[in-house]
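**Q** Position 13 (the sequence shown) corresponds to 20 in our numbering; numbering is contiguous.
Glycine included, each C-beta is placed from N, C-alpha and C at the ideal position.
Please see the structure below; I have some questions.
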Amino acid sequence: MNSLHRGETGLLIVSAVCMAGAFLSVAALAARAEKNVDVDHLPGCTDAETLGMVQESLDACDKLTVLGLHSPHELRLSHGADLRTCVVDVITDFGARTTTFMVGWKDRGSGLTFVAGEPLE
Numbered sequence: 008m009n010s011l012h013r014g015e016t017g018l019l020i021v022s023a024v025c026m027a028g029a030f031l032s033v034a035a036l037a038a039r040a041e042k043n044v045d046v047d048h049l050p051g052c053t054d055a056e057t058l059g060m061v062q063e064s065l066d067a068c069d070k071l072t073v074l075g076l077h078s079p080h081e082l083r084l085s086h087g088a089d090l091r092t093c094v095v096d097v098i099t100d101f102g103a104r105t106t107t108f109m110v111g112w113k114d115r116g117s118g119l120t121f122v123a124g125e126p127l128e
């Protein structure tokens, strides 16, 4: 029977660590693909998930009841495409208003975005 030498043991450990790293990378890519996240392109102003986050944000901090969001469109895209500035018509229980919001990367590697905007007045 052959016994393992110190060099061979180290090689086995390094190989195991490399294989584990490769497995985790493939798992992360598969998770992104499953969510259909394109980390090379920031979601647009009309993206359903983006508009959902805008609606949640408006619902959480305003005294008005938001009934719907209409006609979202992009005003500008930052150099490097890391931040979009958008405008949307907000239908509330007291009529229509227009508000501006931004979409940016919270964690590009994970495909997580954020929205931030001005409150309704």
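1) Taking the alpha-carbon positions, what's the V110 to G75 distance?
2) Which residues mark the beginning and the end of the alpha helix (DSSP H) in which T72 is found?
3) With a threshold of 8 Å on Cβ separation, who are the neighbours of K113 within its own chain once the five nearest residues in sequence on each side are excluded?
4) Tell me whether C93 is buried or exposed, calling it buried when 16 or more other Cβ atoms sit within 10 Å of its Cβ.
5) One question on the structure: do G124 and V61 come within less than 8 Å of each other, judged by their Cβ atoms?
6) In the DSSP assignment, what are the bridge partners of L84?
7) Does DSSP classify D96 as helix, strand or coil?
8) Report buried or exposed for R91, applying the criterion of at least 16 other Cβ atoms within 10 angstroms of its Cβ.
9) Relative to the C-alpha of L127, which candidate in G59, C68 and E56 has its C-alpha closest?
10) Can you tell me the Cβ-Cβ gap for T107 and D96, rounded? I've got them flagged as a contact below 8 Å.
11) Might you give, ordered along the chain, the residues of its own chain that have their beta carbon closer than 6 Å to the beta carbon of L65, omitting 5 neighbours on each side?
**A** Considering the structure as presented:
1) When rounded, the distance between both Cα atoms is 19 Å.
2) Per DSSP, T72 is not a residue of any alpha helix (DSSP H), being assigned neither H nor E.
3) Correct list, in chain order: L119, T120 and F121.
4) Flag for C93 reads buried.
5) Contact flag set, yes.
6) In the DSSP output, where bridge partners are listed per residue, L84 has R91.
7) In the three-state DSSP reduction, D96 falls in the strand class (E or B).
8) A residue is called buried when at least 16 other Cβ atoms come within 10 angstroms of its Cβ; R91 meets this threshold and is buried.
9) The residue from G59, C68 and E56 with its alpha-carbon nearest to that of L127 is C68.
10) With a beta-carbon spacing of about 11 Å, T107 and D96 fall beyond the 8 Å limit used to define contacts.
11) Taken in chain order, the residues that qualify are V73.
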